[in-house]
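Peer 1: Right, I'll just put the structure down here and ask away after.
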Amino acid sequence: MPAADTGAAVSRRSVLKGALLAGAAGAGGLATPGCRRDVEPPGPPVQDATGHLVWRNWSGLQHSYPVERASPDSEARVVEMLKTAPVPIRPVGAGHSFTALVPTAGTLVTLDGLTGLVGHDAATRQATFRAGTRLGDIGPALAAIGQEMPNLPDINKQSLGGALGTGTHGTGQGFKALHGDVVALRIATPKGVIVECDATRDAHIFHAARVGLGAFGIVTQVTLQNAALTRVRKRVEIRKADDVMTEWPTLVTQHRNVEFFILPFTGLAAVITVDETTEPLHPRGPDVDTEVLMDLKRLRDWTGFFPPLRRWVAQMALAGQHAEEAIDEGWKLLSNERPVRFNEMEYHLPFDAQMPALREVVATIERHRSDVFFPIEARVIAPDDAWLSPFHGRASGSIAVHAYYQDEHAFFFELIEPIFRRYDGRPHWGKLNSLKAADFATLYPRWADACAVRASLDPEGRMLNPYLRAVFGA
Amino acid sequence: MGRVVLVIVGAMLAAGCLSSDPPSGSPEALRRAQSMVPADTRLAGLYAQSCKQCHTLADSGAPLTGDRTAWTPRWAKGVPTLLQSTVNGLGGMPAGGQCFGCSAADYEALIHFMADR
């Protein structure tokens, strides 16, 4: 939530703090600040018995001790590594996936040595990047040639290859997920062969590997269909959650990019809209989101024992605040710094099922889990035709539930996932879920075709770790 | 009187007031962070793809590269502890600091570089 309107931002921040203090005082000493102490979860040993350094994902949930770490700086070295490195060979981007896509006792491969813009076509607005390029570096590189990705996700630390491989998405009824704008790929297959594929050349590989979980080989280059660089107005507004959920089908038609975060136990939602504009620049101010998030945590810590007080304090602090606005190029406003780590479950549902499911999710959390303070995120994504895309063939609405990295998150599986499954949801490939091959086979119409392509490219399963063997039933 | 002066000077030192370093988190410190590059080419490549993604941004919560004031309390923990925090993650710092091709020696060199020590 950016804050170009510094006055409004300071106001939102200070009012929430004031309300927190008032709420604590109002509790008459019943609230016990500090009764929930921040405790860093114990980590695994830094090295294993044979001296190999631990690898952990961003949230700290997954870990392994790869015997080899490969950082190829050329496509030729990727090919050579694929032929000879200890298996399983697992590519890692930024480690932002919560699922166990990356852990390996064999070879961990980073493409940090394969980055940057390879070339572009001004007429078609297409640009080719090496797959290790971080999304945060693509924005300025494209801006320099008058292009942009209008569908950037909330976080931009990911590598391009990792983001595509997990079906990473932004939000907007008119925008596909990132892989929906991929027009060509170069892949080094597990057998060490370079394949250039698109909708007409080796189309079966293109359709299967665009969202490939790093299981079809290692993507080395990606050609993106981009849009013209535009100036946008980003607006963040606190509104009544019930009104926002009711108006959602209309909101998605009114804004280029739109999403909202339900603030649990408050009756409120933060609505974020992004629309093209020609108005003068009004750059974003200092980040406010992190402070507000930690205020929501303090609100939980201090008033979580009594939900009516928690709701009253939050409404006193946040309801009726002025909207915050920023005007700038889209790549500067769509993604945000997220320095507070968390674990997450996200499912993509048929759009018409999204709001009924969300209402159930919010009611379930507020009935059973007073420890939850992280906002619940709702987004909209256009359909595409990649075989393993969670958005394959259907307009989708996503719902993401988060838990602070120090907090227990088993409720994702016990309480939330059954709701998503009942509404025919498909899980985000990088986010927590309990599904296995048989489940995916019923959710993805081209599942068998994708599995056949994978098996033909990697018959020995050199790129499959135990998690992926369960996913593919291999 | 001498003791009062000593206390004031001590407090100023603690606040970084008498240091020639830019104030912690200031625009000057941010500019400095964004201009610093490890001298070793290979290390510079590792840094650009990992540490730099957070340690040169105002809103990331990470101590800025070269911000000696921000690094002082961290440096006091000792390099072995900082290495452990880097590899395993701590608070907002993700495990490995996003550098998945780094060895323990690389991490130590990058810690020295960012702490400017």
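One line per chain: the protein sequences are X and F, in this order. Quick note: the first sequence uses the numbering used here, first residue 17, plus one each step. Quick note: the second sequence uses the numbering used here, first residue 176, plus one each step. Cβ atoms here follow ideal geometry from the backbone N, Cα and C, with glycine treated the same way.
Closest to proline 443/X by CA distance: which of Thr289/X, Thr182/X, Gly129/X is it?
Peer 2: Selected option, being the one with the closest Cα: Thr182/X.
Peer 1: When you compare the stretch 397-409 of chain X with the stretch 474-483 of chain X, are there three or more beta-carbon pairs, one atom per stretch, that lie closer than 8 Å?
Peer 2: Too few Cβ pairs lie closer than 8 Å, so no.
Peer 1: For a contact meaning CB atoms closer than 7 Å, what does serine 235/F contact in chain X?
Peer 2: The answer, in chain order, is Glu353, Pro355.
Peer 1: Any idea if histidine 364/X is buried or exposed, counting beta-carbon neighbours within 10 angstroms, 16 or more meaning buried?
Peer 2: Flag for histidine 364/X reads buried.
Peer 1: Please report whether the beta-carbon of glycine 302/X lies at a distance below 8 Å from any beta-carbon of chain F.
Peer 2: The displayed chain sequence assigns proline, not glycine, to residue 302/X. Cβ-Cβ to chain F under 8 Å: yes for proline 302/X.
Peer 1: List in chain order: all unbroken alpha helix (DSSP H) runs of 4+ residues lying wholly within the stretch 219-284 of chain X.
Peer 2: Counting only runs of 4 or more, we get 219-225, 257-270.
Peer 1: From which residue to which residue does the alpha helix (DSSP H) around valine 396/X run?
Peer 2: That residue, valine 396/X, is in no alpha helix (DSSP H); its beta strand (DSSP E) goes 392-397.
Peer 1: Can you find the residues in the same chain that come closer than 6 Å, C-beta to C-beta, to valine 234/X, ignoring five residues on each side of it along the sequence?
Peer 2: Note on identity: in this sequence residue 234/X is isoleucine, with valine being the wrong assignment. These residues qualify, in order along the chain: Val94, Pro107, Ala204.
Peer 1: According to the neighbour-count rule (16 or more other Cβ atoms, all chains shown, within 10 Å of its Cβ), is phenylalanine 429/X buried or exposed?
Peer 2: Answer is exposed; the Cβ neighbour count stays below 16.
Peer 1: Quick one: does the C-beta of glycine 186/X sit closer than 7 Å to a heavy atom of the ligand HEM?
Peer 2: As far as ligands go, the structure on display features none, and thus does not contain the ligand HEM.
Peer 1: Find the residues of chain F that neighbour glutamate 56/X, judging by a C-beta separation of less than 8 Å, and give them in chain order.
Peer 2: Residues of chain F passing the Cβ test: Leu265, Gly266.
Peer 1: Give, in chain order, every residue of the stretch 242-256 of chain F whose Cβ lies closer than 8 Å to some Cβ of chain X.
Peer 2: The stretch 242-256 of chain F vs chain X, Cβ under 8 Å: nothing.
Peer 1: Can the beta-carbon of alanine 290/F be found less than 8 Å from the beta-carbon of leucine 239/F?
Peer 2: No.
Peer 1: Rounded to a whole number of angstroms, what is the C-alpha to C-alpha distance between valine 487/X and tryptophan 74/X?
Peer 2: For valine 487/X and tryptophan 74/X, the distance between alpha carbons rounds to 22 Å.
Peer 1: Measure the CB-CB distance between threonine 239/X and leucine 130/X and report whether it falls below 8 Å.
Peer 2: No, these two residues do not count as a Cβ contact at 8 Å.
Peer 1: Valine 62/X touches chain F at which residues, Cβ-Cβ below 7 Å?
Peer 2: Within chain F, the residues near valine 62/X are Gln259, Val262, Asn263.
Peer 1: Can you give me the Cβ contacts of serine 405/X inside the same chain, cut-off strictly under 8 Å, excluding the 5 residues immediately before and after it?
Peer 2: The answer, listed in chain order, is Gly183, Ala193, His195, Gly196, Arg226, Val227.
Peer 1: Does valine 235/X get closer than 8 Å to chain F when you measure Cβ to Cβ?
Peer 2: Closer than 8 Å: no.
Peer 1: In the DSSP assignment, find the unbroken beta strand (DSSP E) run with alanine 210/X in it and report its ends.
Peer 2: The question names alanine, but residue 210/X in the sequence shown is isoleucine. Looking at the DSSP string, the run of the beta strand (DSSP E) that includes isoleucine 210/X is 210-214.
Peer 1: Could you tell me which chain X residues have their CB closer than 8 Å to the CB of alanine 270/F, listed as they occur along the chain?
Peer 2: Per Cβ cutoff of 8 Å: Gly59, Val70, Trp71, Arg72, Asn73, Trp74, Gly76, His79, Gly111.
Peer 1: Would a check of beta-carbon distances place glutamine 209/F closer than 8 Å to chain X?
Peer 2: Taking Cβ atoms only, chain X never reaches closer than 8 Å to glutamine 209/F, which makes this a no.
Peer 1: If you run the structure through DSSP and keep just helix, strand and coil, what is histidine 384/X?
Peer 2: Three-state DSSP puts histidine 384/X in a helix.
Peer 1: Can you tell me whether asparagine 263/F is helix, strand or coil according to DSSP?
Peer 2: Of the three classes helix, strand and coil, the one that applies to asparagine 263/F here is helix, per DSSP.
Peer 1: When you compare each of Ala121/X, Lys99/X, Val55/X to alanine 65/X by their alpha carbons, which one comes out closest?
Peer 2: Comparing Cα-Cα distances from alanine 65/X to each of Ala121/X, Lys99/X, Val55/X, the minimum goes to Ala121/X.
Peer 1: Using a cut-off of 8 Å between C-beta atoms, extract the partners of valine 211/X located in chain F.
Peer 2: None at all; the shortest Cβ gap to chain F is about 25 Å.
Peer 1: Can you give me the Cβ contacts of aspartate 128/X inside the same chain, cut-off strictly under 7 Å, excluding the 5 residues immediately before and after it?
Peer 2: Answer for aspartate 128/X: Ser87, Gly148, listed in chain order.
Peer 1: Which residues, in chain order, does the stretch 115-130 of chain X contribute to contact with chain F at a C-beta distance below 8 Å?
Peer 2: If the cut-off is 8 Å between Cβ atoms, the stretch 115-130 of chain X has Leu124, Thr126, Asp128, Gly129 near chain F.
Peer 1: Note down, in chain order, every chain F residue with its Cβ under 7 Å from the Cβ of glycine 186/X.
Peer 2: The premise fails here: glycine 186/X is roughly 19 Å from chain F at the closest Cβ pair, so nothing lies under 7 Å.
Peer 1: Opposite valine 198/X in the DSSP bridges: which residues?
Peer 2: Valine 198/X pairs with Leu240/X.
Peer 1: Among Ala468/X, Pro156/X, Thr144/X, Pro104/X, which has the Cα closest to the Cα of serine 351/X?
Peer 2: For the residues Ala468/X, Pro156/X, Thr144/X, Pro104/X, the minimum Cα distance to serine 351/X belongs to Pro156/X.
Peer 1: Can you tell me which of His112/X, Gly135/X, Gly76/X, Glu84/X puts its alpha carbon nearest to the alpha carbon of threonine 241/X?
Peer 2: In the sequence under discussion, the amino acid at residue 241/X is glutamine, which differs from the threonine named in the question. Ranking His112/X, Gly135/X, Gly76/X, Glu84/X by Cα distance to glutamine 241/X puts Gly135/X first.
Peer 1: With a CB to CB cut of under 6 Å and the five nearest residues on each side skipped, what residues in its chain are close to leucine 459/X?
Peer 2: Excluding sequence neighbours, leucine 459/X sits near Arg442.
Peer 1: Under the rule that 16 or more other beta-carbon atoms within 10 Å means buried, what is valine 209/X, buried or exposed?
Peer 2: Exposed, because fewer than 16 other Cβ atoms sit within 10 Å of the Cβ of valine 209/X.
Peer 1: Which bits of chain F does valine 108/X rub up against, with CB to CB less than 9 Å?
Peer 2: Going along chain F in sequence order, the residues near valine 108/X (Cβ under 9 Å) are Phe275.
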